[in-house]
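Numbering (numbering that gives the first Met the number 0), first residue to last: 0 to 231.
Positions of the beta carbon are idealized from the N, C-alpha and C atoms, including for glycine.
Notes follow once the structure below has been shown.
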Amino acid sequence: MAVTADGPPILQPGAPGEPTREISAERSRALSQTRHTAADTRFMQHMIVHHQQAVDMVALIEGRTSNPSIIAIGGRIARSQDDEIALMRDWLIRRGEAQEADDLHEHHGAGGHDHHHAHHGHHASDDPDDVPLMTGMLSVNQMRALAAAEGGEFDRLFLEGMIHHHEGALIMVDELLEHPGAAEDIIMSDFTGHIVADQMAEILRMQNLLRDLPPAEEREAEPHSHHHHHHH
Numbered sequence: 000m001a002v003t004a005d006g007p008p009i010l011q012p013g014a015p016g017e018p019t020r021e022i023s024a025e026r027s028r029a030l031s032q033t034r035h036t037a038a039d040t041r042f043m044q045h046m047i048v049h050h051q052q053a054v055d056m057v058a059l060i061e062g063r064t065s066n067p068s069i070i071a072i073g074g075r076i077a078r079s080q081d082d083e084i085a086l087m088r089d090w091l092i093r094r095g096e097a098q099e100a101d102d103l104h105e106h107h108g109a110g111g112h113d114h115h116h117a118h119h120g121h122h123a124s125d126d127p128d129d130v131p132l133m134t135g136m137l138s139v140n141q142m143r144a145l146a147a148a149e150g151g152e153f154d155r156l157f158l159e160g161m162i163h164h165h166e167g168a169l170i171m172v173d174e175l176l177e178h179p180g181a182a183e184d185i186i187m188s189d190f191t192g193h194i195v196a197d198q199m200a201e202i203l204r205m206q207n208l209l210r211d212l213p214p215a216e217e218r219e220a221e222p223h224s225h226h227h228h229h230h231h
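Below you can see the structure in the form of structure tokens.
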């Protein structure tokens with residue numbers, strides 16, 4: 000394949016049944032700067048917040064479990080999510096977009112009393128700390144429960160929480176792709192494809208780990224895991 004003057008050719012897959020088109024590096028640079036939609040931007044802003052929670056969850060592993068499988072998958076998840084957060088921030092900066100979405104300014108639900116929670120009428124609880132910031136994220140109270148757990152109970156909550164969290168990322172990609180013109184940006188379409196493949200593989204691995212955990216009744220720690228230490 001001929002190398003063009005401005006660098007090696009970059010392949011752009013055609014529509015199904017069409018041949019892959021070769022595009023010059025210059026054109027690919029132009030493409031990487033243009034053609035992004037408001038939905039793309041919002042997806043990136045939200046996915047940064049979503050990914051950050053996975054990193055926060057992994058940070059809880061130390062001192063709470065000695066299960067080597069959990070430690071290993073946790074490290075792998077934190078590394079990939081950190082890399083992806085850096086890529087998403089870079090994507091937003093290059094396009095002159097804000098790093099944070101307007102609707103997510105109440106960092107990790109700390110404020111809890113603002114309008115964001117008003118439309119979640121279907122939640123049984125009135126406690127805003129029970130309401131996750133977005134699909135597939137853990138609520139403040141779920142994060143507290145994870146932080147309060149240890150040993151086998153931590154392992155189970157971590158795996159269940161992270162599987163739910165990863166499934167949330169897949170839902171976010173699906174919702175993005177429903178928008179006309181979304182993810183046409185080459186970087187964006189590569190990235191969403193990468194997220195889907197990565198998270199699906201990790202979900203399967205975690206489901207296997209979850210299946211292999213000893214059942215709860217074999218663990219002494221179970222009965223008193225229900226009283227929370229912090230009732231406000």
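- Query: Using CA coordinates, which residue listed in E174, E183 and L212 is at the minimum distance from E237?
  - Reply: The question about residue 237 has no answer here: the residues shown for the chain are numbered 0 through 231.
- Message: Let me confirm a value: N66 is counted as buried when at least 16 other C-beta atoms fall within 10 Å, else exposed. Which label applies?
- Response: buried
- Pull up the distance between the alpha-carbon of M142 and that of D129, whole angstroms please. Roughly 10 Å between the two C-alpha positions.
- Query: DSSP three-state call for M133: helix, strand or coil?
  - Reply: coil
- Helix, strand or coil: how does DSSP classify Q98 here? coil
- Task: Would you be able to state if there are at least three C-beta pairs under 8 Å between the stretch 43-50 and the stretch 79-93?
- Result: yes
- With distances taken Cα to Cα, identify the nearest neighbour of L86 among P179, H193, D173 and R204. The shortest Cα separation from L86 among P179, H193, D173 and R204 belongs to H193.
- Item | Endpoints, alpha helix (DSSP H) assigned at H178 | First-last for H178: undefined, no H or E at that position.
- Label Q98 either buried or exposed according to how many other C-beta atoms from any shown protein chain fall within 10 Å of its C-beta, with 16 as the threshold for buried. exposed
- Item | Residues near V172 in its chain [Cβ-Cβ closer than 7 Å; skip 5 each side] | Excluding its 5 nearest sequence neighbours in each direction, V172 has C-beta neighbours in its own chain below 7 Å: T191, I194 and V195, listed in chain order.
- Rank A148, D154, M133 and V57 by C-alpha distance to the C-alpha of E174 and give the top, closest one. M133
- Task: Would you check if the stretch 33-44 and the stretch 66-78 touch, i.e. whether three or more CB-CB distances between them fall below 8 Å?
- Result: no
- Query: For H164 versus M199, is the C-beta distance shorter than 9 Å?
  - Reply: no
- Task: Could you round the C-beta distance between D82 and V54 to whole angstroms and report it? I think they count as a contact, below 8 Å.
- Result: Not a contact, Cβ separation roughly 11 Å.
- Excluding the five sequence neighbours on either side, which residues of its own chain have a C-beta within less than 7 Å of the C-beta of D197, listed in chain order? S79
- Drop a sphere of 10 angstroms on the beta-carbon of E61, count the other beta-carbons inside from all chains shown, and report buried for 16 or more, exposed for fewer. exposed
- Item | Backbone secondary structure at E149 - three-state DSSP | coil
- Would you mind stating whether M161 and M56 have Cβ atoms separated by less than 9 Å? yes
- Item | Runs of alpha helix (DSSP H) wholly within the stretch 160-215 (minimum 4 residues, chain order) | DSSP runs (the alpha helix (DSSP H)) wholly in the stretch 160-215: 185-211.
- Task: Please classify L156: is it buried, with 16 or more other beta-carbons within 10 angstroms of its beta-carbon, or exposed?
- Result: buried
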